[in-house]
Structure formats: C-alpha cells, structure tokens
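Chains as they are written, first to last, in full-length UniProt numbering: chain F, 1 to 643; chain L, 1 to 465.
Report on the structure given below.
Written as structure tokens, this is what we have:
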C-alpha cells in the first residue's frame, strides 16, 4: 500500500447550492479553496455540459446581434463567437435538489468540472462527502464513477453529519444541517449515526424557505426573488428570537433612524463579521429615515422602480436615468449639508440592527445586467449604462475583493476575476423595513425544532437522549442568516425544554429506597433507577430542588458537579428529555475557520478524516477503498469501507 | 433450514462472485423496516402511517416521517393495516413499502441512466417526473426480496404479497417468512416460543426447528396501542381531567406548578388540522409518557392483589410534563396503564373501551400456545422464550412476564431471551430476516420469477411454509 501524502488528497463536498473542493491538505486546515456553484449548463450537443453559460456574441463592427433565443437567424455564419457569461444563470441545471441527486449526468459533469479545476496529479485519493439523502445504491454508483472515470487509487465516502462531528471533535452530538432547500437532523452517538430516526431532507426549511418567507412579506413591494435572496444574505436581515417585538413604527425616533448604517458593522454580525463589514462598507450614505431624500427614495421605490430591468427593456431608460441623476444630486447635496455633523455625531447613538425599523442593503441587479447584455450595446454603451446605474461606489471595490471570498456563497459570483467595472454587477441601494426580520415567519424554525425533537426521540436508547440534547451543532449555509441559531435555540427552549417539576420537591423521596419489602422477599427494594437508565449517584430530587423553577439562573457548567452529573448520568429527576439544551462550542484550534464561521464544518471534518484515514493510519482502519479492492469486489463493497 | 451458518458470516469468496444483496422488508403496524440482508440494523425505518389530503384532483398521498408531522389543512393520517394485524388497504400499503425501500435504500430512480437525460429541460419538475418514471420502472429489478408476515396471515394476503413483489416491483426472487421464526433466528434459536408485543397486536408463536406451529399461533389486540388508550383513559378519568396537548398546537410553554393549569401560548391555525392528525401527534406524547413514566408492576402477584397497590403507592412518583407545560407526578397510576396486558381485570374501562377478554392477556396467550405443542416439546420451548417487539421495552415488562410464566409453569426451567439493546428488541424479526437472506442457502429457498410465472401466486403456499 503506497502511503498517500497530504498534498495529494482531494476532498469534494457537493451541495445543492455550492460544491466545495480542495486538493491537498494544508498544514493548518483551511476552508475549501475551490467553490463552485452546483450547476451546469446544457451544451449545444445533447448530453454534454458546460460549467458556464455560453451565449453567442458578436461585437465586431457593432452589428446588431441576432435577438436572443433565435439562433437560427444566421445559421451559416462561421464568425459567430461564443462568450462565457460567468454571472448569468439562465437555463442552469442544478443536479442536486433537496440534497438528492436528481440529474446524474449533470452531477457527474459537475464533479468532473470540479476535478479538472483542481488539475490534480495522478496519484490522488479522493474523499467524497455524502449527503444523508443519498442511498446505499447511489453510493455504489458514485464509487463506480470515481474509480472508472478518474482512475483514483483510493476512494472514500463520508457522511456529512459524521464529518461535522469530526470537525467539532465530539463523539456524540445532534447535527442540524441547514441547507438550501432542506434540513437534515442526525443524532450521532459515539461516532455512529442513528440512521433509523434520522430526519433526512426535511423540505421547505432551508435557506430557500427563508428567502420565500421574505418574498411573501415583501410581495406588496414587488421584490423579486433575487432581491430577497440578496437581502437575506445582507447583514441587515436577521431572525429575531420568537417573542421579540419587531422594532415598532411608533417608537422609532427620527434621530436614531438617521444613524449611519455603517455603524451597524460594529454591532458585529456574529457569523458574518467581515462579510458584514464589507457589505456595509459600500453603503455609507444610506438615506436616513428622517431626511427628505430618504423618504422620497422610499416613495419612488414603492412606486415600483424596483424593477429597473423591465424599465430598461421597455425603452424608458433615459427617463429613468434623468430622474435618477436628479436624485443623486439631491442626495449629494444632502450629504454635503450634513457633512460636518454626521460621522462624529451619529456614532454615539448607534442602534443595533434589531432595533432599527429600516435599513438598506446593496442589491446586485443581475437581471438588469442580463437585459443590458441582451440589448447588445457594445463595449462602450455597456460601460456607460453600468456607470449610470451602478450605485455601489467604485472605491469600495478593492475592499470588497478582499472581504468577499470569505463569504461562502457570494464568492465565485462577484469576486470573479472577470468582474471588471464593465461586466461587474450593477448595484443598487434598496431600503427595507421590519420585513427583514420575518424571513422565518412561515414556521421554519418550528419545523426544524420539531425535526430535532423527532430525531432525538427516535433514538432507541432513551438514556442517550439527554446527551444528544446537550450537544447540538447547527451548521450548513442556510443557517448563516444572522440570529438563526439563537432564534432556533429559543424556539427549542420555549417548546421542548422540560423544567424540573415543582412537585418532586415536596413528595417524599426517602421511602423509595427503603420501601417495605413484600412477604415473599421478591420486592426487596432497589435503588430507584430511571426507566432504562443507569444509577444516579446524586439524589435526583436534590437536583430538582436546586435547579427548581428557574433553570436559567444556573448557567450551564457553573457548577461542575452538576453539569457533570447531567451528562454522565442519564437521568435527573425526569425520565423525559430534554432537561437542558446546549449548542456545542466550535473548536478553537482552527484559526482559519474561526474567522469564517463553522457553517461548512463538514468540510473541515473531512480534512481531519482524510488526514487520519489516508495518511496517519495508512489504511489500517479500512476507511477507504483502494483500486485493487475495487477491481476485486466491485462497487458494492464500498459499504465495507467507511468510517 | 441450516442454522449452523447463522452465526458466522458467509465467506465472501464462497459466492461473492454473483452475490446479489437481497432486500429484507419487515412491515409492521407502526413502522416498516427495510434494509439490505447481512446488515445488523435496518437502514430504513419508515412510519406505516401515511398522509392523505383530498383535493379536487383526487387524493394526494404523502409518505415518510417528514410528511406526516407537518400540520396541513385536511391532511388525514391513515394506516393501511387493519385492526386484526392484516393489511387492509393494499394499494397504499404497497406504496408505503415501496417508499421505505426506494427512499433510503435504492434511490428513487434506480439504475436507469438512460431515463435521466429526459429531465434535463425541466429539472425543477421533479415530482412529476418521479411519478411518471415510477410507473415505467420497477423499483426492485435487481434485488431478491425477503418479506415478513404475521403468523396468522391468510392465504389471500400471502398471495397478494408475492403478487406485489413480482408484478409491481419486478423482484427477481421472493421469499416470505413469518415474523416469529425470524425473531427466533435473531436470537440464534431455531426452536422457542416467541412473544411479540408490537403496536397493534400481541402474538405468541411457537417455533420448532425453524417452523411455525401454525395452530399454536395466538394473537390479541392488547399491545402498544392498547396501552396508549389506557393512558388516555388515565388522563380522562383523572380529577381534574388531564389535558393531552400535542406539540404542534403549542407555540411556547411557560413553567407552571405541578397540577396547575397550563399557561402556554397556543398556535393559531387558519384551518383546523384534522382529528386523525391530532391523534397521531398525541401518540407521540403518549410514547414519551410510556418511555418515561409507565411501569409494569413487576410482581409478585397482580397489581390488584393484596397490598401491592399500597406498596406501589409508597414508591416515588415520576414527573411528566406535557408539551403545554402542564406537569404532574404520576404515582400509582403509572402502574395501571400496562396492567391489563397481564390481567384483564386490571384494565381501565369506559363505555367505548370495554374490558378486554381474559384470554387476550399475555399469560393466557402463552398458555394457549403451549397447549398446542406436544408435551415433550414444551420444556424446550419454555427454555427459549424470545421476547420481542417495541412494547416489551416498557419498564419492568420482563420482570412481570417472568413472574407470570413461572407462576403457570413452576416445574420447568423457563428462560426469557430478551436482547438488552432496544434496537435488537424492536427490530428482531428484521434482523432474523437479514440473517436468513444472507445465508448461502437463501437462493435454495426463494421463489424465482420464472417459477412464479410458471405456477402463479399459489406457489407461495407451497414454498413458504
């Protein structure tokens, strides 16, 4: 068995939205180097796929191009040029939906594209992160594909929930993976997932559902799906814990409302620090709620100017531009007016996002860009249009380029090397009200909470459940939304947490261990055990009494005796779970990951696992299948080689 | 049946060349278990309940755990099993079983890459495509199938099983075995008496050398669902009545003192979730109650005997908190819920729930089953009393069962074989099936497609005894 080296190892983690991959394990584990949106475009020839949208282009001599969608106009022209449009997603096929592979040829093309992007040398073992929704038969199919297409010397599959476990370095936990269009909840004890009760691909709960939630709330303002998507990713969108009042209309005082939105950056978007900063950095002149300009801007928007693309397409371009120009000047004037005061004065009265009634975000209008491209204005025309429409200040581009790659989803969209000022996204500023807190209004959190309860209740060993409740891990890019984890915790706590019963304090406990033996002697009293649990070293009622009424007064872990008792000893006074719910702290020793957040922790876990199975133990744990193994036993044997 | 191989895994070289991993399907009232033969737990455990919502376009069915816990307007929760432990609604039963296999074992569209190209144009229209494809492709064309059946399955039902497997799923080979035998196999026994307390039915099956003694098979409806009903009655008859509120109705709960009325905020629905949905969700709470509160009186004697109740009273109670925050300590009541499994007179009754019959209690079932066995075989069976089924996980169930059996048969050496792990107890018959179907001899047992085509459905009566 030739040992593998760190730099040879390939890890691929396909997802519904983004597929991440990396060649080689760095000294200190980093987030994935390669990020590809999980979609391909059908090529001209049926059965072939292209990683980017390919469209016809013809800009020599400024001839009018054939209208899009009518390729037959000039069938004999050899001069037709094709251009790769790296931003447009029109006609894309997404092979993974709700975690399931729905289009295999497309999926294989995607994997091949990812593989080729890495340009790997010959001797590369591959570790593939699998989604819980993939069935064993599909694992076999993947095995076959990888061995036969890439001639890989070794191949391993790893469940994504298990990978998260490895990343956090815990053996028992409940993994809540919030994806694009689904949520998976997996209870894992001692590194073994409980597959029976696993909640796989719970629909309508992922990031997509949150976008839909925003869309439903903002319907009256005719927000497009793309707007909502970007609003969701902007730092002003937040989930408030259930029961938190929305910033009301009545008490919003004008002064505070005008505070510079840039200040928000300092309120610290928990999971998206740098992203927040960079996104806000480009929006330093948001119209305050109390300025004339701001109100007017809002009015204009509510009149339907959100959909600039259709205005442009409808030929009312110049009208719009003129009005916009006027607005711009007004804004500039307003800005000048208050130039001395604002920056210094506004700072002290910062309000956290959750208290602000309105906030603005930068919207990258891809549709507008598409429309413009469709009009084939030529290089110069495009440039002009772009300059006229783009509200995002150019000077922040530098900043953005630095900050952006950290943002998981946006990375390959706007930090694309091709985004010169001409073809880069057109950004516009949009203001939203309290709707931005209502992404979860369709009951997303409750559904996820219920799924967690179901998954843990389905664990057959009752005594393992409380430990599972005490070690929740929420990961997945769907949970990046600010406040998501906190709100989910509050939902779980208000709905499922079992409080110590006040009754147990007053019932007499003493007789339990010394009850009267029956005449036969068969009733010799036993210490009171939980229904299926181990013995309790501490009187459960003592615990109940000390924690009674107000578990919140007892910060978890404040009393080492107590916390130890709860986790090692399956029962407190309740046989019911959960008597406490905790989220596992992410590991401290991955500095690169710490900055980015652990939303893609499966990838981190895969790095750890790859290091172990490919390098450290050199195949002793049978964590991967080698090529000779495959040749001998065929793809079905993959099930014998897994962690 | 050659049991010598049951404990040792077959050597891969022996027949790995053309090994086809069989699928084992063990349908039950509460869950349907499916998985690949040779594995130690079923990979797929799906609820046998399904959702049905009627619309103008006809009834829409939804399967799987995720679909049936989501409160939607006019979503009815149904079950294809009849109250006698035999499938009633074959059409949906087939769909549920198929779902349990395709959703987690084989994938929705097994091995037909040619078909996939058709979907490229409209990748979003997944559901439509799936349905269309399902009618074209048969889900089990590559895998032999072993199914389990209750011991009292009538011939008609058995023929239906093979028909579904062969015609609808296109399996190349099929075999049917009784749950009792398989549960015994799972414990490594070829002979024994199998006590299976499931959700809908309790059954007692005498097994001799891998064969069920058909006339000895006993069944009764006193099982998990019955205990649930008893708990409901405990709640109802309590003073004041204990409200049973399922999780989905509660938005958030507030801690209240024991016995005090709940002060939760409830969720508002713009439609009313159906009763069957509500009941199914209540069942979740009752399951939790069974797991954490209910205790079987361990003996000696019945719960109602002499001072037993007094003794029970002196034992500490167990607290239970409802999803709406209502909580109380259950003292002596918690012994009553399952008492009727052993003693019919201990049952709680009301006009809708009459007193169960004496001969339906577990001791009487065992007695009746043993009665049918030759006297000289009885000691052998009593040495191998295999306990299986999810409801046997009730706290102290085995203590009481041992006491009851020893009381009836004081002179024999009675031994309970009850796997300690909950997984093995719950899925015993599936595990037995997994063992059987991974044996090298399995292909001698099964009915091949060719044989089926030659002889028709009644071959199942001849071959699967």
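No residue lacks a Cβ here, since even glycine has one placed at the ideal position from N, Cα and C.
For clarity, every value in this text was computed on a predicted model and none was experimentally measured.
Considering only residues of the region 403 to 441 of chain L, which uninterrupted alpha helix (DSSP H) runs meet the minimum length of 4 residues and lie entirely inside it, listed in chain order?
-> 422 to 426, 428 to 438
Kindly indicate if chain L contains any beta-carbon less than 7 Å away from that of residue 438(F).
-> The count along the first chain starts at 1 and reaches residue 438(F) at position 438. So no, residue 438(F) is outside the interface.
Beta-carbon separation of residue 438(L) and residue 37(L) under 7 Å?
-> On the second chain, residue 438(L) is found 438 positions in, with the first residue counted as 1. On the second chain, residue 37(L) is found 37 positions in, with the first residue counted as 1. Yes. Within cutoff.
By the criterion of Cβ-Cβ separation under 8 Å, what are the contact partners of residue 105(L) in chain F?
-> Within the second chain, residue 105(L) is the residue found at index 105, counting from 1. 135, 136, 137, listed in chain order.
Contacts of residue 203(F) in chain L (Cβ-Cβ under 8 Å) = Taking the first residue of the first chain as position 1, residue 203(F) is located at position 203. Per Cβ cutoff of 8 Å: 66.
Assigned exposure category for residue 26(L) - 16 Cβ within 10 Å defines buried | Start at 1 with the first residue of the second chain, and residue 26(L) comes out as number 26. Looking at its Cβ environment, which holds 16 or more other Cβ atoms inside 10 Å, residue 26(L) is buried.
Contacts that residue 619(F) makes with chain L (C-beta to C-beta distance below 9 Å) = Residue 619(F) sits at position 619 when you count from the first residue of the first chain. Here the premise fails: no neighbours, minimum Cβ distance about 18 Å.
Say whether the region 598 to 605 of chain F touches the region 470 to 480 of chain F, bearing in mind that this needs 3 or more beta-carbon pairs closer than 8 Å, one atom from each stretch.
-> yes
Indicate whether at least one CB of chain F lies closer than 7 Å to the CB of residue 423(L).
-> Within the second chain, the letter at position 423 stands for residue 423(L). Yes, contact with chain F.
Return the CA-CA distance between residue 210(F) and residue 353(F), expressed in angstroms with no decimal places.
-> Here the question's residue 210(F) lines up with position 210 in the first chain. Here the question's residue 353(F) lines up with position 353 in the first chain. In a straight line, the C-alpha of residue 210(F) is about 18 Å away from that of residue 353(F).
Nearest to residue 416(L) by alpha carbon, out of 85(L), 146(L), 403(L), 339(L)?
-> Indexing the second chain from 1 puts residue 416(L) at position 416. The residue with the shortest Cα to Cα distance from residue 416(L) is 403(L).
Which partner residues does residue 220(L) have in the DSSP bridge list?
-> Counting from one through the second chain, the residue named residue 220(L) turns up at place 220. The partner list for residue 220(L) (beta bridge, DSSP) reads 202(L).
Other residues of its chain near residue 83(L): CB distance less than 6 Å, five sequence neighbours each side excluded = Position 83 of the second chain, counted from the start, is the residue given in the question as residue 83(L). The answer is none, since no qualifying residue turns up.
From residue 464(L) to residue 617(F), what distance separates their C-alpha atoms?
-> What you label residue 464(L) is simply residue 464 of the second chain in a count that begins at 1. What you label residue 617(F) is simply residue 617 of the first chain in a count that begins at 1. Going by the C-alpha atoms only, they are around 48 Å apart.
Beta-carbon proximity of residue 140(L) to residue 170(L), cut-off 7 Å | Locating residue 140(L) in the second chain gives position 140, counting from the first residue. Locating residue 170(L) in the second chain gives position 170, counting from the first residue. Contact flag set, yes.
When the distance is taken between beta carbons, is residue 205(L) closer than 7 Å to residue 151(L)?
-> As a position in the second chain, residue 151(L) is number 151, starting the count at 1. As a position in the second chain, residue 205(L) is number 205, starting the count at 1. Yes, they are a contact pair.
Would DSSP call residue 475(F) helix, strand or coil?
-> Locating residue 475(F) in the first chain gives position 475, counting from the first residue. In this structure, residue 475(F) counts as strand in the three-state DSSP scheme.
Hey, residue 234(F) and residue 361(F): beta-carbon distance below 7 Å or not?
-> Reading the first chain from its first residue, position 234 is the one you call residue 234(F). Reading the first chain from its first residue, position 361 is the one you call residue 361(F). Their beta carbons are under 7 Å apart, which means residue 234(F) touches residue 361(F) by this criterion.
Going by Cα to Cα distance, which pick from 207(L), 264(L), 49(L), 326(L) is closest to residue 190(L)?
-> Translated into positions along the second chain, residue 190(L) becomes position 190. Cα-wise, what sits closest to residue 190(L) is 207(L).
Applying a beta-carbon distance threshold of less than 8 Å, which residues of chain L neighbour residue 447(F)?
-> As a working note, residue 447(F) is residue 447 in the first chain. 70, listed in chain order.
Taking the alpha-carbon positions, what's the residue 196(F) to residue 420(L) distance?
-> Taking the first chain and counting its residues from 1, the one referred to as residue 196(F) is at position 196. Taking the second chain and counting its residues from 1, the one referred to as residue 420(L) is at position 420. Taking the Cα positions, residue 196(F) is about 18 Å away from residue 420(L).
Within 10 angstroms of the Cβ of residue 91(L), are there 16 or more other Cβ atoms? Answer buried if so, exposed if not.
-> Translated into positions along the second chain, residue 91(L) becomes position 91. Result: exposed.
For residue 637(F), which three-state DSSP category applies?
-> If you number the first chain from 1, residue 637(F) lands on position 637. Three-state DSSP puts residue 637(F) in a helix.
Under 9 Å between beta-carbons, which chain L residues line up against residue 461(F)? List them in chain order, please.
-> As a first step, residue 461(F) must be located in the first chain, where it is residue number 461. Result: 421, 422, 423.
How about the region 1 to 12 of chain F and the region 91 to 103 of chain F: do they share at least three Cβ pairs that are nearer than 8 Å?
-> no
Taking Cβ-Cβ distances below 7 Å as the criterion, which residues of the UniProt region "Disordered" (300 to 323) of chain L are in contact with chain F?
-> 300, 311, 314, 315, 316, 317, 318, 319, 320, 321
Please list, in chain order, all residues of the same chain as residue 624(F) whose beta carbon is under 7 Å from its beta carbon, the five residues on each side excluded.
-> Your numbering for residue 624(F) matches position 624 in the first chain. Cβ within range, chain order: 125, 154, 155, 156, 613, 614, 641.
Could you check the C-alpha separation between residue 347(F) and residue 426(F) for me, to the nearest Å?
-> Residue numbering aside, residue 347(F) sits at position 347 when the first chain is read from its first letter. Residue numbering aside, residue 426(F) sits at position 426 when the first chain is read from its first letter. Interpretation of residue 347(F) is limited by its pLDDT of 47, a score under 50 that renders its predicted location unreliable; no figure is taken from the coordinates.
Where residue 468(L) falls: helix, strand or coil (DSSP) | Residue 468(L) cannot be examined here, being either before or after the span of chain L that is shown, 1 to 465.
Please say whether residue 577(F) and residue 465(F) have beta carbons closer to each other than 7 Å?
-> Your numbering for residue 465(F) matches position 465 in the first chain. Your numbering for residue 577(F) matches position 577 in the first chain. Yes, the pair counts as a contact, with Cβ atoms nearer than the cut-off.
Assign residue 453(F) to one of two classes, buried (16 or more other C-beta atoms within 10 Å of its C-beta) or exposed (fewer than that).
-> As a first step, residue 453(F) must be located in the first chain, where it is residue number 453. Residue 453(F) is buried by the Cβ-count criterion.
Where the alpha helix (DSSP H) through residue 370(L) begins and ends | In the second chain, counting from the first residue as 1, residue 370(L) sits at position 370. 362 to 371 is the span of the alpha helix (DSSP H), which, as asked, contains residue 370(L).
Kindly indicate which three-state DSSP category residue 62(L) falls into: helix, strand or coil?
-> Residue numbering aside, residue 62(L) sits at position 62 when the second chain is read from its first letter. Looking at residue 62(L) - three-state DSSP - the assignment turns out to be strand.
Near residue 279(L), which residues of its chain fall below 8 Å by C-beta distance, leaving aside the five closest residues on each side in sequence?
-> As a working note, residue 279(L) is residue 279 in the second chain. Within the same chain, residue 279(L) has close Cβ partners 77.
Option nearest residue 223(L) by Cα separation, candidates 333(L), 29(L), 352(L) = Here residue 223(L) refers to the residue found at position 223 when the second chain is read from its first residue. Closest by alpha carbon: 29(L).
Just tell me which of 431(F), 21(F), 363(F), 583(F) has its CA closest to the CA of residue 36(F).
-> Position 36 of the first chain, counted from the start, is the residue given in the question as residue 36(F). It is 21(F) whose Cα lies nearest to the Cα of residue 36(F).
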